[in-house]
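What follows is a single structure, written as structure tokens, with notes after it.
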Amino acid sequence: MAIDFELNDSIRIYKPAAEEGTTSASSPVLLEWKNLSVRIGSGRTWSFKKKPSDPAYILKHATGAVRSGDLVAVMGSSGSGKTTMLAAVSMRLTAEVQGSVLINGLFVNPTQ
1 MAIDFELNDS IRIYKPAAEE GTTSASSPVL LEWKNLSVRI GSGRTWSFKK
51 KPSDPAYILK HATGAVRSGD LVAVMGSSGS GKTTMLAAVS MRLTAEVQGS
101 VLINGLFVNP TQ
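Residue numbering for the sequence shown follows full-length UniProt numbering, beginning at 1 and increasing consecutively.
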């Protein structure tokens with residue numbers, strides 16, 4: 001297995017080498033995400049000693065691509081942003097998401 005690309009310092013996407021004799025779908029699909037960042041607003045704390053936290057990025061500048069027919073594993077330690085990245089790519093987040101998602105080079109937005 002070879003590392004295909006790396007996201008942040010703690011998320012790596014591994015992709016096995018293509019095997020001889022495998023075929024892909026008749027019309028291949030390329031899913032790309034470029035410069036994805038997810039920012040959460042200031043959270044409120046109920047402690048009188050702490051002030052509300054400042055907005056923070058929980059995913060910063062993630063870029064990658066997956067072709068149809070590829071087997072991809074997203075690996076990383078707990079809390080490293082794996083689920084956040086997948087939710088951002090699939091546009092299932094209500095948090096502020098920056099960056100772009102493309103299918104076969106066409107921009108995708110949440111209304112499509």
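Glycine is no exception: its CB is placed at the ideal position from the N, C-alpha and C atoms.
Best match in the options for proximity to residue i [C-alpha to C-alpha]
| i | options | result |
| --- | --- | --- |
| Glu32 | Arg39, Lys60, Ala56 and Arg67 | Arg67 |
| Ala62 | Ala56, Asp54 and Gly81 | Gly81 |
| Pro55 | Ile40, Ala65 and Gly69 | Ile40 |
| Tyr57 | Ala95, Ala65 and Thr83 | Ala95 |
| Met91 | Ser78, Gly79, Pro110 and Gly64 | Pro110 |
8 Å contact criterion, which residue i and residue j should meet: CB distance rounded
| i | j | result |
| --- | --- | --- |
| Val38 | Leu93 | 6 Å |
| Gly99 | Asn35 | 4 Å |
| Met75 | Leu59 | Not confirmed; about 15 Å, so no contact. |
Delimiting residues of the alpha helix (DSSP H) encompassing residue i
| i | result |
| --- | --- |
| Leu86 | Lys82 to Val89 |
Residue i - containing beta strand (DSSP E), residue span
| i | result |
| --- | --- |
| Leu36 | Leu30 to Ile40 |
| Val72 | Neither: Val72 is in no beta strand (DSSP E) and is coded neither H nor E. |
| Ala62 | Ala56 to Arg67 |
| Leu106 | Leu106 to Val108 |
| Gly99 | Glu96 to Ile103 |
7 Å Cβ cutoff met for residue i and residue j
| i | j | result |
| --- | --- | --- |
| Val101 | Val89 | yes |
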